[in-house]
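Working notes, beginning with the structure itself.
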Amino acid sequence: DANDYRGSNYAQGNGAEPNWMVNQSYLGNGEPEEGVAEIRTLLRTPEFRQALSHAMDRERVCDVVWQGFAEPKQFTVSPQSLHFASSDGQALYEQWANAYADLNVDVANQLLDELGLDNRDEDGFRTLPSGEPLELVLDYWDYGLVDQLADATEIYATNLEAVGIRARANLLADVNEWLGTLNENSS
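Here the sequence shown is numbered in my numbering, starting from -13 and rising by one per residue.
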């Protein structure tokens, strides 16, 4: 309230921002079906997605991107949702918000190794069990937060590379390009 300025915390209703979702319906981009099936199977494996989650430094995203005005958590709906109004609902929210959300590079590496992603290429990045390269493309678009999304995506890409996953941030023109990518790569 000094000098007639006042700060407030605006709760917009999102549970976590930004967030990345794994395309479990991946159909490839013209690659042979055998390779596409290998990737799709990996993307659908819960332990792979858990490893991706354990690799993410949410605290750094909160500090760098949101200047400390955020809480690290898993991608979930807002705790203000009516679904979480009861004490059981609040317990469920806490369970979802914290599921696989701790930065734990050792656990991420262990999960990836156990999935058969224990071989590396000459640059030190993991390869698929078939020996083919493994690369994740982190798509994002500008819906009013492009600078924050770019910074967060670069942090996450760096986190993934720390566990041996080649990752590439990819700025799309808009949500329609993202939806088109999903439609092209979905069954």
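The beta carbon of each residue, even a glycine, is placed where N, CA and C say it ideally should be.
Distance from the CA atom of A77 to the CA atom of Y(-9), rounded to whole angstroms, is 37 Å. L135 counts as buried, since at least 16 other C-beta atoms from the protein chains shown sit within 10 angstroms of its C-beta. For W82, the enclosing alpha helix (DSSP H) begins and ends at S73 to N84. Nearest neighbour of I141 by Cα position, chosen from Y129, L124 and L131, turns out to be L124. Classified as buried, M42 has 16 or more neighbouring CB atoms from the shown chains inside 10 Å of its CB. Classified as exposed, F55 has fewer than 16 neighbouring CB atoms from the shown chains inside 10 Å of its CB. Taken through DSSP and simplified to helix, strand or coil, L158 comes out as strand. When the Cα atoms are used, I151 and E80 turn out to be separated by approximately 29 Å. Annotated as distal: R44 and A83, with beta-carbon spacing of 8 Å or more. Rounded to whole angstroms, the gap between the alpha carbons of G102 and E33 is 12 Å. Under the three-state reduction of DSSP output, R30 falls in the coil class, being neither helix nor strand. C-alpha of F61 to C-alpha of S39: approximately 10 Å in a straight line. In terms of Cβ geometry, V149 and N95 form a close pair [threshold 8 Å].
For L98, no beta strand (DSSP E) encloses it; the enclosing alpha helix (DSSP H) starts and ends at V91 to E100.
If you check the CB distance, G21 and E118 come in under 8 Å.
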